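One structure is given below, encoded as structure tokens.
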Amino acid sequence: MEAFIGLDIGGTKIMVAAADRDGNILRRERTATSTSLDEDLTNINNMITAVSREEQVMGMGAAIGGPLDWKQGIVSPLHQPAWRNLPLKAMRESRWGCPFQVDVDTNVAAVGEYRWGEVTAKRFLYLTLSTGMGGGFLTDGRIYRGRDGAHPEVGHQSIHFRSLNSSAVQCECGAPDCLEALISGNGIRRIYGKPAQALTAQEWEEVAYNLGQGLRNMAALYAPDLIRIGGGVAVGGGENFILAARNVMEEHLRLVPAPQVELSRLGYDTALLGAIAMALPKDS
Ligand SMILES: [Zn+2]
Numbered sequence: 006m007e008a009f010i011g012l013d014i015g016g017t018k019i020m021v022a023a024a025d026r027d028g029n030i031l032r033r034e035r036t037a038t039s040t041s042l043d044e045d046l047t048n049i050n051n052m053i054t055a056v057s058r059e060e061q062v063m064g065m066g067a068a069i070g071g072p073l074d075w076k077q078g079i080v081s082p083l084h085q086p087a088w089r090n091l092p093l094k095a096m097r098e099s100r101w102g103c104p105f106q107v108d109v110d111t112n113v114a115a116v117g118e119y120r121w122g123e124v125t126a127k128r129f130l131y132l133t134l135s136t137g138m139g140g141g142f143l144t145d146g147r148i149y150r151g152r153d154g155a156h157p158e159v160g161h162q163s164i165h166f167r168s169l170n171s172s173a174v175q176c177e178c179g180a181p182d183c184l185e186a187l188i189s190g191n192g193i194r195r196i197y198g199k200p201a202q203a204l205t206a207q208e209w210e211e212v213a214y215n216l217g218q219g220l221r222n223m224a225a226l227y228a229p230d231l232i233r234i235g236g237g238v239a240v241g242g243g244e245n246f247i248l249a250a251r252n253v254m255e256e257h258l259r260l261v262p263a264p265q266v267e268l269s270r271l272g273y274d275t276a277l278l279g280a281i282a283m284a285l286p287k288d289s
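The sequence shown: position 155 = 160 (the working numbering), numbered continuously.
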């Protein structure tokens, strides 16, 4: 038997799964992300061994926070300070002897949602709203890339925001007014002093307003058919949160047709499933 491995390397947890040639998950493991790079790499190798068992590993895909060089597979995730300029592709390929592809987690999640979330949209924008915030844009199922392969950072757009505590709005990239600083899990903790799941209705409304302003900008610039939103904060906020943000977008959007805006269909597994999709043979 053969196995295809997906890795979702996040700022709070690392998930590893083995799938068959059709992308069905056979076995999976997860662990908390540590502050030590060596410990994380050891954990990842052990989990790959555990999920692949005696089967031959034929391919691997991985999702990790940006920035990264997807061609060379060198990663420097913003929210994982221990991981800097790590040649992850070269390390995995020499250790496991199979093709390895890594991409920005939101691109990978977009691929997962597209493949297994019944997406037929030609222009599809996927947003991840978790520890950080970002997006992946697919046209006809292919990842849109910027100059020199750069990943468009939709989380780092400036917006006209509302905040009950505007002095606490500070992005980890250094800018004072990024969308990510207002609506990501880390941003929410900084502004409201608590995790997203503890927000009051009034605070959720403010987060939805700020997301809606970001959606308005993204709709105006990309003119997508469909926007799906996943990640822990979005799943926690649920349908009402997404609907409130969509209403703000529609209220402020002019000239460009409003896209469909929906919650991810794949819950917490979007990036993991996208990583498996990248690991599978390209003809499948
Ligand atoms: Zn920023």
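Even for Gly, the Cβ is constructed at its ideal location relative to N, Cα and C. Being a predicted model, the structure only gives us computed values, none of them experimental.
Counting only residues whose CB is nearer than 5 Å to a non-hydrogen atom of ligand 1, the list in chain order is 161, 176, 178, 180, 183.
Within the DSSP secondary-structure output, residue 183 pairs in a beta bridge with 163.
Beta-bridge pairing by DSSP links residue 37 to 18. As summarised for the segment 80 to 128, the continuous beta strand (DSSP E) elements at least 3 residues long and confined to that stretch are 105 to 109, given in chain order.
Contact holds between the segment 130 to 143 and the segment 234 to 248, because three or more Cβ pairs, one in each stretch, are under 8 Å apart. Judged by DSSP in its simplified three-state form, residue 218 adopts helix. Measuring C-alpha to C-alpha distances from residue 44 to each of 30, 18, 24, 22 identifies 18 as the nearest.
Beta-bridge pairing by DSSP links residue 26 to no other residue. In the structure shown, residue 6 adopts coil according to DSSP, grouped into three states.
Note that the C-beta distance between residue 279 and residue 117 is below 8 Å.
Fully enclosed beta strand (DSSP E) runs of no fewer than 3 residues occupy 231 to 235 of the segment 210 to 260, in order along the chain.
Within the model, the alpha-carbon separation for residue 256 versus residue 214 is close to 11 Å. Counting other Cβ atoms within 10 Å of its Cβ, residue 82 reaches 16 or more and is therefore classed as buried.
Within the same chain, and ignoring the five residues on either side of residue 178 in sequence, the residues whose Cβ sits closer than 6 Å to its Cβ are 161. For residue 44, the enclosing alpha helix (DSSP H) covers residues 42 to 57. Membership of residue 282 in the alpha helix (DSSP H) is indicated by the continuous run 275 to 284.
Nearest in C-alpha terms to residue 259, of all of 163, 222, 137, 104, is 222.
Under the DSSP assignment, residue 192 falls outside any beta strand (DSSP E), being part of the alpha helix (DSSP H) whose first and last residues are 190 to 197. Between residue 103 and residue 52, the C-beta gap is not smaller than 8 Å, which leaves the two residues out of contact. For residue 98 and residue 166, the gap between their C-alpha atoms comes out near 44 Å. Under the DSSP assignment, residue 203 falls outside any beta strand (DSSP E); it carries neither an H nor an E label. For residue 49, there are no CB contacts under 6 Å within the same chain when 5 residues up- and downstream are skipped.
Going by C-alpha positions, residue 190 is about 32 Å away from residue 54. DSSP, read as helix, strand or coil, puts residue 272 in helix.
Assigned with DSSP and collapsed to three states, residue 145 falls in coil, not helix or strand. By the neighbour-count criterion, in which 16 or more other beta carbons inside 10 Å mark a residue as buried, residue 41 falls on the exposed side. Contact check for residue 109 against residue 156 passes: the beta carbons are separated by less than 8 Å. Straight through space, the alpha carbons of residue 154 and residue 73 are spaced by roughly 10 Å.
DSSP, read as helix, strand or coil, puts residue 32 in strand.
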